[in-house]
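Undergrad:
Protein chains: 2
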Amino acid sequence: MRSLSPASRPSGLAELGAPAYVVLGMVHLGARSGYEIKQAVENSIRFFWTISQAQIYPGLQLLEAAGLITGRADPQGRRPRRVFETTRAGEAALRDWLTRDEPMPFELRDTGMLKVFFADALDREQALTLVRAIRKRSADRVRTLRAIEPAARAAEADGNLYPGLTLRLGIAYHQAIIDVCTVFERQSAPSRDG
Amino acid sequence: MRSLSPASRPSGLAELGAPAYVVLGMVHLGARSGYEIKQAVENSIRFFWTISQAQIYPGLQLLEAAGLITGRADPQGRRPRRVFETTRAGEAALRDWLTRDEPMPFELRDTGMLKVFFADALDREQALTLVRAIRKRSADRVRTLRAIEPAARAAEADGNLYPGLTLRLGIAYHQAIIDVCTVFERQSAPSRDG
DNA sequence: ATGTGCATGTAAATTGTTACATGATTCA
DNA sequence: TGAATCATGTAACAATTTACATGCACAT
Numbered sequence: 010m011r012s013l014s015p016a017s018r019p020s021g022l023a024e025l026g027a028p029a030y031v032v033l034g035m036v037h038l039g040a041r042s043g044y045e046i047k048q049a050v051e052n053s054i055r056f057f058w059t060i061s062q063a064q065i066y067p068g069l070q071l072l073e074a075a076g077l078i079t080g081r082a083d084p085q086g087r088r089p090r091r092v093f094e095t096t097r098a099g100e101a102a103l104r105d106w107l108t109r110d111e112p113m114p115f116e117l118r119d120t121g122m123l124k125v126f127f128a129d130a131l132d133r134e135q136a137l138t139l140v141r142a143i144r145k146r147s148a149d150r151v152r153t154l155r156a157i158e159p160a161a162r163a164a165e166a167d168g169n170l171y172p173g174l175t176l177r178l179g180i181a182y183h184q185a186i187i188d189v190c191t192v193f194e195r196q197s198a199p200s201r202d203g
Numbered sequence: 010m011r012s013l014s015p016a017s018r019p020s021g022l023a024e025l026g027a028p029a030y031v032v033l034g035m036v037h038l039g040a041r042s043g044y045e046i047k048q049a050v051e052n053s054i055r056f057f058w059t060i061s062q063a064q065i066y067p068g069l070q071l072l073e074a075a076g077l078i079t080g081r082a083d084p085q086g087r088r089p090r091r092v093f094e095t096t097r098a099g100e101a102a103l104r105d106w107l108t109r110d111e112p113m114p115f116e117l118r119d120t121g122m123l124k125v126f127f128a129d130a131l132d133r134e135q136a137l138t139l140v141r142a143i144r145k146r147s148a149d150r151v152r153t154l155r156a157i158e159p160a161a162r163a164a165e166a167d168g169n170l171y172p173g174l175t176l177r178l179g180i181a182y183h184q185a186i187i188d189v190c191t192v193f194e195r196q197s198a199p200s201r202d203g
């Protein structure tokens with residue numbers, strides 16, 4: 010049932026799932042076409058939420074049918090394009106979702122952590138190699154996120170404070186991982202004992 | 010194709026996916042039956058990796074067919090039960106997986122962060138409510154993880170150091186989120202300006 | 001002319017969860 | 001005697017990704 014709804018609820022109206030609200034939120038922030046929404050996701054929330062084209066275009070149709078966005082054709086030359094904007098109902102629906110008192114699932118699937126968990130099956134040097142690998146992975150991520158900081162500051166100048174907060178959260182998260190790994194490596198590494 | 014493999018590779022032998030290695034790893038750590046594996050997952054890795062019964066039992070069959078574990082019937086009274094242990098090939102396969110130089114995907118899907126990202130659509134007080142909610146969620150998680158610390162220390166006494174490292178990583182992660190939220194709330198909260 | 005980016009859309013495959021089906025054992 | 005726990009297994013379902021299909025615009 011190719012819906013963008015979560016596990017169908019008993020309720021009458023088909024309720025929207027998170028992917029549809031992502032599309033709605035991005036249109037609210039100024040992404041006009043499906044293509045622009047995809048770009049916006051890649052440039053911002055991809056670190057804690059991903060969404061594929063195959064969710065975006067049906068999502069736009071769903072939101073339009075629900076009256077939360079309106080679309081019109083806006084071809085560039087002979088290249089077809091549809092642009093969207095939120096309706097008043099759409100703005101209200103977005104705020105309703107944001108303030109809804111519902112569980113906010115936090116799902117992590119981390120192959121690195123998984124391997125570290127089982128690392129006692131390795132000898133010490135190999136296990137430490139794993140720890141270094143996940144430290145490096147987080148260090149790379151911190152660099153990637155820091156590179157986005159100027160864009161976040163630009164958004165703040167536009168009155169959008171919260172994307173910057175999610176960025177700081179991501180940086181802090183990975184910095185914490187780096188710190189824990191560094192301490193562990195120092196405690197574990199000496200190898201040549203006195 | 011109900012396989013526990015990742016995107017089928019061109020290679021001859023069906024390669025095992027992460028869920029199968031989780032099962033193998035848990036058997037290696039002493040979980041003997043499907044039921045015990047499920048318990049072990051709930052008591053340890055569930056914070057960064059989940060797996061359902063419907064993956065465990067087929068996984069055991071797959072690993073047994075591949076010669077990485079051996080199972081035998083071990084009924085408790087009239088209640089049937091199968092217990093497993095790793096073979097030498099299984100231990101080797103586990104170490105091979107752990108040392109393999111391959112990408113270790115880090116996938117996060119966090120509805121809380123998502124809502125925070127779009128929180129500029131709300132008025133300040135409502136947005137802060139959201140920030141407080143994710144801070145509280147991480148505080149709860151830290152408490153849950155701290156409650157596991159004694160078990161991790163017991164595992165360390167048994168020579169299993171790495172489960173404790175993943176626990177410290179989880180705590181540090183959520184503590185970092187708490188800290189960033191706290192700072193943000195302080196900066197943003199005053200409301201009654203001087 | 002050719003590769004990259006803009007642009008939309010869907011079919012098929014994959015991956016994973018939920019719910020069901022079944023039944024024994026233990027404890028209150 | 002009834003609930004909780006132990007124990008195994010699978011069918012049906014839901015959610016998401018990958019790959020395909022198509023074609024214009026623009027720069028080199």
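Protein chains in written order, with this note's numbering: chain Z, 10 to 203; chain S, 10 to 203.
Glycine is no exception: its CB is placed at the ideal position from the N, C-alpha and C atoms.
#1: Going by alpha carbons, who is nearest to Ala-166/Z out of Trp-58/S, Ile-60/S, Asp-129/S?
#2: Using the three-state DSSP reduction, which class does Thr-138/S fall into: helix, strand or coil?
#3: Please name the residue in Gln-85/Z, Pro-89/Z, Asp-132/Z, Leu-77/Z whose C-alpha comes closest to that of Arg-104/S.
#4: Among residues of its own chain, excluding the 5 on either side of Asp-83/Z, which ones have a beta-carbon nearer than 6 angstroms to its beta-carbon?
#5: Please name the residue, chosen from Phe-127/S, Gly-80/S, Leu-69/S, that lies closest to Trp-58/Z on a Cα-to-Cα basis.
#6: For a cutoff of 8 angstroms on Cβ pairs, would you count Pro-9/Z as touching chain S?
#7: Please confirm whether Leu-33/Z and Ile-65/Z have their CB atoms less than 8 angstroms apart.
#8: Checking contacts by CB at 8 angstroms: is Ile-54/Z closer than that to chain S?
#9: Beta carbon of Pro-28/Z, beta carbon of Gly-68/Z: below 8 angstroms?
#10: Under 8 angstroms, do Leu-176/Z and Ala-198/Z count as touching if we go by C-beta distance?
#11: Please report whether the beta-carbon of Thr-175/Z lies at a distance below 8 angstroms from any beta-carbon of chain S.
#12: Return the chain-ordered ranges of every alpha helix (DSSP H) run that is complete within the segment 129-192 of chain Z and spans a minimum of 4 residues.
#13: With DSSP as the reference, please indicate the residues paired to Leu-117/S in a beta bridge.
#14: What in chain S is Cβ-close to Gln-135/Z, meaning under 9 angstroms?
#15: Arg-118/S touches chain Z at which residues, Cβ-Cβ below 9 angstroms?
#16: Taking 8 angstroms as the cut-off, decide whether the C-beta atoms of Leu-107/Z and Leu-139/S are in contact.
#17: Quick one, which of Glu-158/Z, Glu-194/Z, Ala-98/Z, Arg-155/Z has its alpha-carbon nearest Tyr-171/S's?
#18: For Leu-69/S, which three-state DSSP category applies?
#19: From Gln-184/Z to Val-189/S, what distance separates their C-alpha atoms?
#20: Cβ of Thr-95/Z within 8 angstroms of Cβ of Val-36/Z?
#21: In whole angstroms, give me the CA-to-CA distance for Ser-42/S and Ala-49/S.
TA: This is what the structure holds:
#1: The shortest Cα separation from Ala-166/Z among Trp-58/S, Ile-60/S, Asp-129/S belongs to Asp-129/S.
#2: DSSP places Thr-138/S within a helical segment (H, G or I) once states are collapsed to three.
#3: Checked all of Gln-85/Z, Pro-89/Z, Asp-132/Z, Leu-77/Z; the closest Cα to Arg-104/S is Asp-132/Z.
#4: Within the same chain, Cβ atoms closer than 6 angstroms to the Cβ of Asp-83/Z are found at Arg-90, Val-92, the five residues on either side in sequence being excluded.
#5: The option with the nearest alpha carbon to Trp-58/Z is Phe-127/S.
#6: In the structure as shown, chain Z begins at 10 and stops at 203. Residue 9/Z is therefore absent and cannot be evaluated.
#7: Against a cut-off of 8 angstroms, the Cβ pair of Ile-65/Z and Leu-33/Z comes out as no contact.
#8: At least one chain S Cβ lies under 8 angstroms of Ile-54/Z.
#9: It is a contact, given that the beta carbons lie within the stated cut-off.
#10: No, Cβ-Cβ distance for Leu-176/Z and Ala-198/Z is not below 8 angstroms.
#11: Using beta-carbon distances, Thr-175/Z counts as an interface residue toward chain S, with a partner under 8 angstroms.
#12: Segments of the alpha helix (DSSP H) lying fully in the segment 129-192 of chain Z: 133-166.
#13: In the DSSP assignment, the residues bridged to Leu-117/S are Leu-117/Z.
#14: Simply Arg-104, Leu-107, Thr-108.
#15: What Arg-118/S touches in chain Z: Ala-27, Phe-57, Trp-58, Thr-59, Pro-114, Phe-115, Glu-116, Leu-117, Arg-118.
#16: Between Leu-107/Z and Leu-139/S, the C-beta spacing is below 8 angstroms.
#17: It is Glu-194/Z.
#18: Leu-69/S carries a helical assignment under DSSP once its states are collapsed to helix, strand and coil.
#19: Here the alpha carbons of Val-189/S and Gln-184/Z stand approximately 12 angstroms from one another.
#20: Contact annotation: Thr-95/Z and Val-36/Z have beta-carbon atoms nearer than 8 angstroms.
#21: Ala-49/S has its alpha-carbon roughly 10 angstroms from the corresponding atom of Ser-42/S.
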